[in-house]
Every structure is written in structure tokens, then in C-alpha cells.
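Note sheet for the following structure.
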Amino acid sequence: EICSQWSFMEVSGCVGDLGTLLPFTIALAKQDKINVVPAFVFGGLFNITSAIHWNIPMPVQPMKAIATIAITTDYLNKNSVICAGILTASVVALLGLTGGIDLLHYL
Numbered sequence: 003e004i005c006s007q008w009s010f011m012e013v014s015g016c017v018g019d020l021g022t023l024l025p026f027t028i029a030l031a032k033q034d035k036i037n038v039v040p041a042f043v044f045g046g047l048f049n050i051t052s053a054i055h056w057n058i059p060m061p062v063q064p065m066k067a068i069a070t071i072a073i074t075t076d077y078l079n080k081n082s083v084i085c086a087g088i089l090t091a092s093v094v095a096l097l098g099l100t101g102g103i104d105l106l107h108y109l
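What the sequence shown shows, in the numbering used here, is residues 3 to 109, in sequence order.
Structure representation (C-alpha cells):
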């Protein structure tokens, strides 16, 4: 039912971040700061889950900032990147599930 409501623009927007996701993921994997398979599996699952829950596919932009810092500095190791990803996902999920994102939008 949900997929029948999606237009071509929504689906293309959902995969539109591949142009930045792939280079960041490959660079992080090359520096041994992430494992590629879990990154893509869990990223894909959460993208699908959020699209079904909120009825719209949406990328999570903060991971790009984390990836940029991890690639360009030595401050973040593999465990730090994993921790940053889990914390970011937790905050986004909490804001979405509690309606806190609406409060932030109002402010």
C-alpha cells in the first residue's frame, strides 16, 4: 500500500544520497574505520523502516558530518565512528517517535 503511493521523485530522492554515501563509505572502509556490510545492511534497513513508519523516504544527514571528520582527521577510530552512528540514530529515532522534531521545528 505504501509503495503504491510513492512517486518517482520520492524514490529518486531516497537513493539520491548514494552520490555522497558511496564515496564516504568507501573512504571510511579503506581507512578501516567502518565495516561496509553492516553499514549498508543497517543503513538500508533503517532507511526502509523510517520510510514505512513516516510514509516518506528520508536520508539522515548528520552521518555525512561524522564521515567527513572521520576521513579528514585521526580523532575518530572505528569504535568512535560506530558510537557516533548509534548515538545519531538514537537521537533521530527519539525525536521522530516522540514528536520532538515538531517541537524543534516550531522553535
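For glycine and all other residues, C-beta sits at the position ideal for the given N, C-alpha and C. In this text, all values refer to a predicted model and were calculated from it rather than measured experimentally.
Quiz item: So which of L30, V94 and H107 has the shortest CA-CA distance to A69?
Solution: Comparing Cα positions, the closest option is L30.
Quiz item: Between which two residues does the alpha helix (DSSP H) carrying I36 extend?
Solution: I36 -> no alpha helix (DSSP H), and no H or E assigned at all.
Quiz item: Among H107, L78 and G98, which residue has its Cα nearest to the Cα of S52?
Solution: Looking only at H107, L78 and G98, the smallest Cα-Cα distance to S52 is reached by G98.
Quiz prompt | Proximity to L24 [Cα-Cα], best of N81, L89 and F42 | solution = Just measuring C-alpha positions, the residue of N81, L89 and F42 sitting nearest L24 is F42.
Quiz item: Between W56, A95 and F26, which lies nearest to T74 when the distance is taken from Cα to Cα?
Solution: With distances taken between Cα atoms, T74 lies closest to F26.
Practice problem: Starting from S82, follow the alpha helix (DSSP H) in both directions and report where the run begins and ends. | Solution: Taken as a continuous stretch (DSSP letters only), the alpha helix (DSSP H) holding S82 covers K80 to T100.
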